[in-house]
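S.K.: Here's a structure for you.
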């Protein structure tokens with residue numbers, strides 16, 4: 175499973191070879207490889223796709239059976255994901271992996287028929303004929319280099335010992351394995367052929383075998399093309415990020431004048447470029463924000479983060495479904511000329527025109543896929559530490575379509591393989607009455623996998639927070655995946671705003687303490703929350719003139735900011751009740767993780783009571799009826815300030 179890389183000498187000169195680190199989940203490595211290849215092509219400015227090549231090795235059952243292959247093949251000729259063609263080697267041992275009858279493991283004649291969707295040439299070749307395999311491989315490579323399309327080599331062969339070395343294949347494949355037992359084997363067939371042709375004398379094959387084994391017994395390499403100390407032109411230095419202790423600290427501020435300059439560039443539109451009326455108003459408002467006439471909204475804060483990083487030399491890549499505009503109409507990183515004459519032109523990305531000599535900016539609306547696209551972006555991020563790689567889900571609910579990538583790579587890649595990644599995942603989340611398919615990014619799952627500082631889980635609630643969070647991801651000498659539980663309704667909320675000074679002088683706050691002027695000694699209850707429910711709690715407190723309850727926002731769920739959390743709570747020495755309030759059902763969201771890990775209790779001690787307010791435990795993330803949603807939301811808000819009937823006391827001894 176461990177990957178490896180070497181520089182080797184070839185007849186054409188030095189070549190860098192990389193074997194990808196891959197889990198036992200068959201075929202899932204394929205989009206990861208594609209992303210890594212794409213990143214290396216971008217680094218080399220290899221627009222012709224001549225310099226970096228992906229070679230994928232498949233099994234006959236898995237290539238036909240695993241759906242991620244269809245998703246990945248759909249990348250083939252796209253702008254944001256195509257690598258100029260992949261060479262696919264199918265080791266077709268005709269035994270499948272978990273079936274004993276070919277009628278059960280595919281519906282097509284050939285296991286390679288899936289590749290017909292991209293019109294890839296498919297060469298079926300006899301694995302007992304090494305020269306034919308060599309010829310077809312050379313032909314396939316020449317095809318790929320000439321036409322920049324996928325090509326397939328189906329090596330029809332057999333496996334002498336069945337599925338694995340402990341298997342007894344005769345149990346389920348008696349006919350095939352009687353024939354295999356009688357089969358002389360590839361080496362013998364080829365040796366007999368060379369003797370018959372007169373290429374070798376009769377005794378030479380056995381002599382060659384004996385010499386070969388003698389070298390192996392001595393531990394000698396018969397062929398060693400590996401170059402030691404070779405200085406590659408396009409190598410990447412990961413050393414600044416290796417074995418670094420985790421820290422939340424980073425200077426992410428930029429001068430006010432730079433904020434204004436970047437704002438001007440973000441709102442400069444080419445002449446004769448006609449914007450759609452709503453987009454035009456957004457750009458005009460952003461220009462006013464840059465002049466200090468309006469407070470910054472979420473879209474402006476996010477775009478300024480990208481612009482500032484590009485100006486500092488960090489490249490930016492944003493990928494996902496509808497990310498150029500954004501699902502919720504807030505980003506507008508790619509603008510569209512309403513009077514364009516051709517469908518394939520008339521777009522403008524302000525972030526690509528920040529200044530001369532800036533770093534590269536990519537923004538691609540992805541194919542409609544979660545698993546392969548997220549795998550691709552993870553692979554890209556593992557090859558490029560100096561680029562902010564962002565994948566955004568259309569709704570956070572759909573991220574579980576890529577659960578294998580999250581489990582096998584993003585959460586555990588560093589622990590298993592020492593593989594670093596700075597990938598950012600943006601997962602729109604929030605209970606707004608849209609039902610169980612459009613409410614929850616399942617934050618509990620990310621919290622469940624949080625350990626050993628493997629990643630960061632953050633829930634920013636202001637434009638300044640998303641600005642500093644994205645900048646922190648690059649500026650720190652640390653590369654860890656970042657899971658951002660992003661808002662939907664907050665994107666245009668009148669209270670979710672920031673000033674220019676907060677960008678110029680601030681930093682990412684892992685905890686935002688009470689922001690209104692309360693008398694600390696009169697506060698009896700502290701409510702802790704995360705995400706957009708804060709603004710609903712704030713509105714309720716103002717409406718009812720409540721002065722004995724403080725509101726504290728936990729903006730970073732993991733790694734848990736115990737010190738900052740303690741400071742925020744200890745401002746209120748007489749508060750005997752600390753209440754965790756969440757929109758999610760009690761068996762979902764961050765509650766179980768925070769409670770089970772004792773993070774909250776360890777800070778609060780024994781003198782304060784920790785209570786929970788949430789929706790009731792539920793099998794589904796959210797209810798389907800809008801009226802029922804409103805009733806539940808109302809109860810959560812009211813319970814946060816009133817008597818808590820569904821209390822869950824916790825103590826250090828639990």
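In this note's numbering, the protein residues as written are 175 to 828.
C-beta atoms are modelled at their ideal positions from N, C-alpha and C, and glycine is treated no differently.
Quantities reported herein were computed from a predicted structural model and do not represent experimental measurements.
Touch check for the segment 731-742 and the segment 774-782: three-plus C-beta pairs under 8 angstroms?
M.R.: Flag = yes, the segment 731-742 and the segment 774-782 touch.
S.K.: Nearest CA to the CA of residue 190: which residue from 208, 214 and 380?
M.R.: Working through the chain shown from its first residue, we reach residue 190 at position 16. Here the closest residue by C-alpha is 214.
S.K.: Just to confirm my understanding: we take residue 790, look at its own chain, exclude 5 residues before and 5 after, and list those with CB closer than 7 angstroms. What are they?
M.R.: Within the chain shown, the letter at position 616 stands for residue 790. Excluding sequence neighbours, residue 790 sits near 759 and 760.
S.K.: Considering only DSSP beta bridges, list what residue 683 is partnered with.
M.R.: Numbered from 1 along the chain shown, position 509 holds the residue referred to as residue 683. Bridge partners of residue 683: none, in fact.
S.K.: Taking all protein chains shown into account, do 16 or more other C-beta atoms lie within 10 angstroms of the C-beta of residue 827, making it buried, or fewer, making it exposed?
M.R.: For the purposes of this step, residue 827 is identified with residue 653 of the chain shown, where counting begins at 1. A caution first: residue 827 carries a pLDDT of 36, below 50, which makes its placement in the model unreliable, though a value can still be read off. With fewer than 16 other Cβ atoms within 10 Å, it is exposed.
S.K.: Counting only the same chain and skipping the five closest in sequence on each side, list residues whose C-beta sits under 6 angstroms from that of residue 254.
M.R.: Here residue 254 corresponds to residue number 80 of the chain shown, with the count starting at 1. Only 538 meet the Cβ criterion.
S.K.: Between the beta-carbon of residue 134 and the beta-carbon of residue 483, is there less than 9 angstroms?
M.R.: Nothing can be reported for residue 134: it is not among the residues displayed for the chain, which extend from 175 to 828.
S.K.: Tell me the DSSP secondary structure of residue 825 in three-state form.
M.R.: On the chain shown, residue 825 is found 651 positions in, with the first residue counted as 1. Because residue 825 carries a pLDDT of 40, less than 50, the predicted location of this residue cannot be relied on, and the following value inherits that uncertainty. Note: residue 825 maps to coil in three-state DSSP.
S.K.: Using only the alpha-carbon positions, how far apart do residue 684 and residue 731 sit?
M.R.: Start at 1 with the first residue of the chain shown, and residue 684 comes out as number 510. Start at 1 with the first residue of the chain shown, and residue 731 comes out as number 557. Taking the straight line joining both Cα atoms gives about 8 angstroms.
S.K.: Is it right to say residue 556 is buried, meaning 16 or more other beta carbons lie within 10 angstroms of its own, or is it exposed?
M.R.: Translated into the one-based positions of the chain shown, residue 556 becomes position 382. By the neighbour-count rule (16 or more Cβ atoms within 10 Å), residue 556 is buried.
S.K.: Could you have a look at residue 126 and say whether DSSP puts it in helix, strand or coil?
M.R.: Because the chain spans 175 through 828 in this model, residue 126 falls outside it and cannot be assessed.
S.K.: If we ignore side chains and look at the alpha-carbon of each, how far apart do residue 813 and residue 722 end up?
M.R.: Start at 1 with the first residue of the chain shown, and residue 813 comes out as number 639. Start at 1 with the first residue of the chain shown, and residue 722 comes out as number 548. Rounded to the nearest angstrom, the two C-alpha atoms are 15 angstroms apart.
S.K.: Could you tell me the boundaries of the alpha helix (DSSP H) in which residue 732 lies?
M.R.: Position 558 of the chain shown holds residue 732. Looking at the DSSP string, residue 732 is not in any alpha helix (DSSP H); the run it does join, the beta strand (DSSP E), is 730-732.
S.K.: Can you tell me whether residue 356 is buried or exposed? The criterion is at least 16 other CB atoms within 10 Å of its CB, across all chains shown.
M.R.: Here the question's residue 356 lines up with position 182 in the chain shown. Residue 356 should be labelled exposed.
S.K.: Report yes if the CB atom of residue 558 is closer than 9 angstroms to the CB atom of residue 410, and no otherwise.
M.R.: Here the question's residue 558 lines up with position 384 in the chain shown. Here the question's residue 410 lines up with position 236 in the chain shown. Against a cut-off of 9 angstroms, the Cβ pair of residue 410 and residue 558 comes out as a contact.
S.K.: Determine the DSSP secondary structure at residue 582, reduced to helix, strand or coil.
M.R.: Numbered from 1 along the chain shown, position 408 holds the residue referred to as residue 582. Helix at residue 582.
S.K.: Where do the ends of the alpha helix (DSSP H) carrying residue 217 lie?
M.R.: Against the chain shown, residue 217 aligns to sequence position 43. First-last of the alpha helix (DSSP H) with residue 217: 203-217.
S.K.: With C-beta atoms as the reference, is residue 542 less than 9 angstroms away from residue 672?
M.R.: Locating residue 542 in the chain shown gives position 368, counting from the first residue. Locating residue 672 in the chain shown gives position 498, counting from the first residue. No.
S.K.: Using alpha carbons as the reference points, say which of 770, 757 and 784 lies closest to residue 808.
M.R.: The residue you call residue 808 lines up with position 634 of the chain shown. With distances taken between Cα atoms, residue 808 lies closest to 757.
S.K.: For residue 800, count neighbouring Cβ atoms within 10 angstroms of its own Cβ and tell me buried if that reaches 16, exposed if not.
M.R.: What you label residue 800 is simply residue 626 of the chain shown in a count that begins at 1. That one is exposed.
S.K.: Within 10 angstroms of its Cβ, does residue 400 collect 16 or more other Cβ (buried), or is it exposed?
M.R.: If you number the chain shown from 1, residue 400 lands on position 226. Burial call: exposed.
S.K.: In three-state terms, what does DSSP make of residue 299?
M.R.: In the chain shown, residue 299 corresponds to position 125, counting from 1. Reduced to three states, the DSSP call for residue 299 is strand.
S.K.: Helix or strand or just coil, what does DSSP make of residue 443?
M.R.: Here residue 443 refers to the residue found at position 269 when the chain shown is read from its first residue. It is coil, neither helix nor strand.
S.K.: For residue 318, does the count of other Cβ atoms within 10 angstroms reach 16, so buried, or fall short, so exposed?
M.R.: Residue 318 sits at position 144 when you count from the first residue of the chain shown. By the 10 Å Cβ count, residue 318 comes out buried.
S.K.: Could you please give me the residues that DSSP links to residue 831 through a beta bridge?
M.R.: Absent from the model: residue 831. The displayed extent of the chain is 175 to 828, so no value can be given.
S.K.: Kindly confirm or deny that the segment 227-241 and the segment 263-275 touch, where touching means at least three C-beta pairs closer than 8 angstroms.
M.R.: The segment 227-241 vs the segment 263-275: in contact.
S.K.: Check whether the segment 202-210 touches the segment 239-258, taking contact to mean three or more Cβ pairs, one atom from each stretch, closer than 8 angstroms.
M.R.: At 8 angstroms Cβ cutoff, the stretches touch.
S.K.: What three-state label does DSSP hand residue 570 in the structure shown?
M.R.: Residue numbering aside, residue 570 sits at position 396 when the chain shown is read from its first letter. If DSSP states are grouped into helix, strand and coil, residue 570 belongs with the helices.
S.K.: Assuming residue 147 and residue 631 form a contact by the criterion Cβ under 8 angstroms, report the distance between their Cβ atoms to the nearest whole angstrom.
M.R.: The requested residue 147 is not part of the displayed model; the chain covers only 175 to 828.
S.K.: Answer yes if the segment 650-667 comes into contact with the segment 632-642, meaning at least three C-beta pairs across the two stretches below 8 angstroms, and no otherwise.
M.R.: Contact holds: three or more Cβ-Cβ distances are below 8 angstroms.
S.K.: Less than 9 angstroms between the beta carbons of residue 264 and residue 237, yes or no?
M.R.: If you number the chain shown from 1, residue 264 lands on position 90. If you number the chain shown from 1, residue 237 lands on position 63. In contact: residue 264 and residue 237 (Cβ atoms closer than 9 angstroms).
S.K.: To the nearest angstrom, how far is the alpha carbon of residue 364 from that of residue 303?
M.R.: Taking the chain shown and counting its residues from 1, the one referred to as residue 364 is at position 190. Taking the chain shown and counting its residues from 1, the one referred to as residue 303 is at position 129. Roughly 7 angstroms between the two C-alpha positions.
S.K.: Just checking residue 205 against the ligand SAM - is the residue's beta carbon closer than 8 angstroms to any of the ligand's heavy atoms?
M.R.: As presented, the structure is devoid of all ligands, the ligand SAM included, so that no description of it is given.
S.K.: Pick out the complete alpha helix (DSSP H) segments inside the segment 277-341, 4 residues or longer, and give them in chain order.
M.R.: Whole alpha helix (DSSP H) segments, 4+ residues: 304-321.
S.K.: Take residue 347 and list the residues in its own chain whose beta-carbon comes closer than 7 angstroms to its own, dropping the five residues that flank it on each side.
M.R.: On the chain shown, residue 347 is found 173 positions in, with the first residue counted as 1. Taken in chain order, the residues that qualify are 269 and 274.
S.K.: Can the beta-carbon of residue 613 be found less than 9 angstroms from the beta-carbon of residue 566?
M.R.: The count along the chain shown starts at 1 and reaches residue 613 at position 439. The count along the chain shown starts at 1 and reaches residue 566 at position 392. Against a cut-off of 9 angstroms, the Cβ pair of residue 566 and residue 613 comes out as no contact.
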